[in-house]
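2 protein chains.
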Amino acid sequence: VDAGIMAKAQARLDNKTKPVGSLGRLEEFARRYAAMTGTPDPVLGKKVIFTFAADHGVVEEGVSAFPKEVTVQMVLNFLNGGAGINVLSRHVGAEVRVVDMGVDHEFGEVPGLIGRKVARGTRNFAKGPAMTREEAIAALEVGIELANGCRAQGVTMAGTGEMGIANTTAASAIIAAFSGCTVADVTHRGTGINDGALNHKIKIIEQALAVNRPDPKDPIDVLAKVGGLEIAGIAGLVLGCAANRMPVVVDGFISTSGALIACELCPAVKEYLFAAHESVEIGHRFMLERIGAEPILDLQLRLGEGTGAALAMGLVEAGVKILKEMATFAEAGVAEGEY
Amino acid sequence: VDAGIMAKAQARLDNKTKPVGSLGRLEEFARRYAAMTGTPDPVLGKKVIFTFAADHGVVEEGVSAFPKEVTVQMVLNFLNGGAGINVLSRHVGAEVRVVDMGVDHEFGEVPGLIGRKVARGTRNFAKGPAMTREEAIAALEVGIELANGCRAQGVTMAGTGEMGIANTTAASAIIAAFSGCTVADVTHRGTGINDGALNHKIKIIEQALAVNRPDPKDPIDVLAKVGGLEIAGIAGLVLGCAANRMPVVVDGFISTSGALIACELCPAVKEYLFAAHESVEIGHRFMLERIGAEPILDLQLRLGEGTGAALAMGLVEAGVKILKEMATFAEAGVAEGEY
Numbered sequence: 014v015d016a017g018i019m020a021k022a023q024a025r026l027d028n029k030t031k032p033v034g035s036l037g038r039l040e041e042f043a044r045r046y047a048a049m050t051g052t053p054d055p056v057l058g059k060k061v062i063f064t065f066a067a068d069h070g071v072v073e074e075g076v077s078a079f080p081k082e083v084t085v086q087m088v089l090n091f092l093n094g095g096a097g098i099n100v101l102s103r104h105v106g107a108e109v110r111v112v113d114m115g116v117d118h119e120f121g122e123v124p125g126l127i128g129r130k131v132a133r134g135t136r137n138f139a140k141g142p143a144m145t146r147e148e149a150i151a152a153l154e155v156g157i158e159l160a161n162g163c164r165a166q167g168v169t170m171a172g173t174g175e176m177g178i179a180n181t182t183a184a185s186a187i188i189a190a191f192s193g194c195t196v197a198d199v200t201h202r203g204t205g206i207n208d209g210a211l212n213h214k215i216k217i218i219e220q221a222l223a224v225n226r227p228d229p230k231d232p233i234d235v236l237a238k239v240g241g242l243e244i245a246g247i248a249g250l251v252l253g254c255a256a257n258r259m260p261v262v263v264d265g266f267i268s269t270s271g272a273l274i275a276c277e278l279c280p281a282v283k284e285y286l287f288a289a290h291e292s293v294e295i296g297h298r299f300m301l302e303r304i305g306a307e308p309i310l311d312l313q314l315r316l317g318e319g320t321g322a323a324l325a326m327g328l329v330e331a332g333v334k335i336l337k338e339m340a341t342f343a344e345a346g347v348a349e350g351e352y
Numbered sequence: 014v015d016a017g018i019m020a021k022a023q024a025r026l027d028n029k030t031k032p033v034g035s036l037g038r039l040e041e042f043a044r045r046y047a048a049m050t051g052t053p054d055p056v057l058g059k060k061v062i063f064t065f066a067a068d069h070g071v072v073e074e075g076v077s078a079f080p081k082e083v084t085v086q087m088v089l090n091f092l093n094g095g096a097g098i099n100v101l102s103r104h105v106g107a108e109v110r111v112v113d114m115g116v117d118h119e120f121g122e123v124p125g126l127i128g129r130k131v132a133r134g135t136r137n138f139a140k141g142p143a144m145t146r147e148e149a150i151a152a153l154e155v156g157i158e159l160a161n162g163c164r165a166q167g168v169t170m171a172g173t174g175e176m177g178i179a180n181t182t183a184a185s186a187i188i189a190a191f192s193g194c195t196v197a198d199v200t201h202r203g204t205g206i207n208d209g210a211l212n213h214k215i216k217i218i219e220q221a222l223a224v225n226r227p228d229p230k231d232p233i234d235v236l237a238k239v240g241g242l243e244i245a246g247i248a249g250l251v252l253g254c255a256a257n258r259m260p261v262v263v264d265g266f267i268s269t270s271g272a273l274i275a276c277e278l279c280p281a282v283k284e285y286l287f288a289a290h291e292s293v294e295i296g297h298r299f300m301l302e303r304i305g306a307e308p309i310l311d312l313q314l315r316l317g318e319g320t321g322a323a324l325a326m327g328l329v330e331a332g333v334k335i336l337k338e339m340a341t342f343a344e345a346g347v348a349e350g351e352y
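Each protein sequence line maps, in turn, to chains W and Y. Here full-length UniProt numbering is used: the first residue of the first sequence is 14, the next is one more, and so on. Here full-length UniProt numbering is used: the first residue of the second sequence is 14, the next is one more, and so on.
Right under this line is the structure:
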């Protein structure tokens, strides 16, 4: 991003009727948003959360507290407006777009569903690669294409979300592959598994890494071997947003694994994303450190779907409104401070 | 509050289409809001931020980076909609009500200003009591009366805010008086004073405590001797909200000093408040510990006015909407988890 525009935005903030710097991270959001979009007076248009859904072959290893059918059921819940992401998106004035990246179900024509199925779920990565390299690239391209479509639709900020039973298993495998952390250090309870199931999940991920040997220098290899189709969609969306100079708010653990793939492919992408929140999942902070992002919220969330991203988008927008709407000292006839 | 209603609200949350507990603090906000209001299906009505303004005699000791006139100027900025609190309140759909508790200026008839002036500012508490006990009680009663008026107006959640040049000096003195911490441990830079001015501010507060000897067992004594008229208004509002079973979102350092007075007067009040955010002011965490509140946001804010409260109200409301609007497993036909 352009450091000059960031400085211009901060200078504008410093003229507002408040002590310099006193709105803390709201000012950070405003100047970064300005720099991302390339103007010290950025536009606030439509906000969209993309919720990518896909199934995971590794679910057959018993790594989740929920049965695989829940992926399909929750997609229908999203389309009916009854899920957490619907409630929170309505609350902040964002639209939810649900993308079928690879759910193991033929939905047919369902109003509102964006059908971009690359495969009917991944294969069980405890036994071999989750996807072919071609499938991973095709899924990345779906996300890029969705980002490319935003500008013409008046969308000015995107958020990421996902649904896919067993996808914390994939996200933990991804951060373990890149960071070299032990699997136990980056693996947690997902939707709420007990101690025995957690130990089993750790063993399955260790096995997956041993069987597949993903190459951390080749992010697409990591994505294909131990990732997921919805994670690839998120990675593509993040790449596409950065290419289009559009701020993207990345949700929690699984979304950040997608953003991490994008950042490992192209480190410049880091400048275009906001980390929505700090997840309860213990592997999340290793991802955030790697992409150099400071989470906006810490509400002990672990639902996914884009729920944290929706709330954080509201806060980013609040920061930009400070830049756009607050009166200056001169406009309001207020005396400035002497520090 | 009624533990039975809190449990009923949590049971309702546990039936929503998400892993149990996965919305973390949003669920806490929802069940506490339910318990405060006395129903597992609480109403979301109007949100109001009360921004109390007053001047401080101690300003003549040179404790602030800004001149005293800024209190008046900012009140007019609030009424014109140009301040940070106006921007953030509009963003979350809250109304701002500006209350003149004791600004050293005769406003005359100004549209929108709620005139409740108890005195033209406090006296310089470095030399003697800031207020008489009668003035402190009169100012408390203003806040109580404003809270009492809310229900009939359809207000269901209140937030606190303030404006008063030099009021971090009063807030630091209050927490020092109650906690027994050293003044240096609870005193910070306010609007942004430099090192020399900070040392001077600490000495002035030490002098104020030595001269006035506020009695920590008598919260009204503390308020009268080293508090402020806007702080008294906030304390009264918090007391009044609790008495009316209305949730109140307490902003940062100065607001929390008011909430602390209320909690020291009546500990049951603690159950009716939300702590909006963790302030940059170092004394804030001692206040939060004392009232047993966990802040919702940490955005490095130090503006006051109610800015953090406005943003936090939006998050509390989001939690309540989860309780009210999300589909249950049965409604959505989603399978439940086995933990």
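Yeah, the Cβ is synthetic: ideal placement off N, Cα and C, and Gly gets one too.
query                                                                                                                       : result
Local Cβ density within 10 Å of Ala171 (chain W), reported as buried at 16 or more and exposed below that                   : buried
Min CB distance His213 (chain W) to chain Y below 7 Å                                                                       : no
Among Y:Glu291, Y:Glu74, Y:Pro142, Y:Asp117, the one whose alpha carbon lies nearest that of Val235 (chain Y)               : Y:Pro142
Option in W:Val105, W:Gly95, W:Pro55 with minimal Cα separation from Met326 (chain W)                                       : W:Val105
Member of Y:Pro32, Y:Gly246, Y:Ala107, Y:Pro229 whose CA lies at the smallest distance from the CA of Ile62 (chain Y)       : Y:Ala107
Stretch-stretch touch, CB-based, cutoff 8 Å, three pairs: the segment 23-35 of chain W with the segment 307-322 of chain W  : no
Own chain partners of Met87 (chain Y) with C-beta closer than 6 Å, once the 5 adjacent residues on each side are dropped    : Met176
Nearest residue (CA-CA) to Ala345 (chain W), options Y:Thr84, Y:Arg38, Y:Gly51, Y:Lys60                                     : Y:Thr84
Asp264 (chain W) to Gly162 (chain W) span [Cα, whole Å]                                                                     : 21 Å
CB contact flag (Ile215 (chain W), Val199 (chain W), <7 Å)                                                                  : no
Ala139 (chain W) versus Glu82 (chain W) - alpha carbon distance                                                             : 20 Å
Gly94 (chain W), enclosing alpha helix (DSSP H) - first and last residue                                                    : No alpha helix (DSSP H) holds Gly94 (chain W); DSSP gives it neither H nor E.
Start and end residues, alpha helix (DSSP H) containing Lys334 (chain Y)                                                    : 320-338
Identity of the residue in W:Tyr352, W:Ile150, W:Val239, W:Ala331 nearest Thr181 (chain W) by Cα                            : W:Val239
Near-chain Y residues of the segment 299-329 of chain W (beta-carbon distance less than 9 Å), N- to C-terminal order        : Ile309, Leu310, Asp311, Leu312, Gln313, Leu314, Arg315, Leu316, Gly317, Glu318, Thr320, Ala323, Leu324, Gly327, Leu328
Neighbour flag for Val111 (chain Y) against chain W, beta carbons, 7 Å                                                      : no
Whether Val262 (chain W) touches Ala289 (chain W) by CB criterion (7 Å)                                                     : yes
Simplified DSSP assignment, three categories, for Asp311 (chain Y)                                                          : coil
Boundaries (first-last residue) of the alpha helix (DSSP H) holding residue 372 (chain W)                                   : This structure cannot settle anything about residue 372 (chain W), because the visible part of chain W is limited to 14 through 352.
Neighbour flag for Ile335 (chain W) against chain Y, beta carbons, 7 Å                                                      : yes
Residues sharing a beta bridge with Lys29 (chain W), DSSP                                                                   : W:Thr341
Spatial neighbours of Pro232 (chain Y) in its chain, beta-carbon cut-off 7 Å, leaving aside the 5 residues before and after : Ile274, Glu277, Leu278
Asn212 (chain W) burial status per 10 Å Cβ neighbour count (16 or more: buried)                                             : exposed
Pick from Y:Val71, Y:Leu250, Y:Lys130 that is closest to Gln220 (chain Y), judged by C-alpha positions                      : Y:Val71
Cβ neighbour criterion (16 or more within 10 Å) applied to Arg44 (chain Y)                                                  : buried
Any C-beta of chain W under 7 Å from that of Met339 (chain Y)                                                               : yes
Contact with chain W by Leu101 (chain Y), beta-carbon distance below 7 Å                                                    : yes
C-beta contact flag for Gly37 (chain Y) and Leu312 (chain W) at 7 Å                                                         : yes
Close Cβ partners of Gln23 (chain W) (< 8 Å) along its chain, the five nearest in sequence each way excluded                : Glu40, Arg44
Completely contained beta strand (DSSP E) runs for the segment 162-233 of chain Y, where each covers 3 or more residues     : 168-176
Terminal residues of the alpha helix (DSSP H) in which Glu243 (chain Y) lies                                                : 242-256
Coil, strand or helix - Thr52 (chain W) by DSSP                                                                             : coil
Outcome for Glu74 (chain Y) when other beta-carbon atoms lying within 10 angstroms are tallied against a minimum of 16      : buried
Under the three-state DSSP convention, the category Arg110 (chain W) falls into                                             : strand
Cβ of Ser35 (chain W) within 7 Å of any chain Y Cβ                                                                          : yes
Three-state class that DSSP yields for Phe299 (chain Y) in the structure shown                                              : helix
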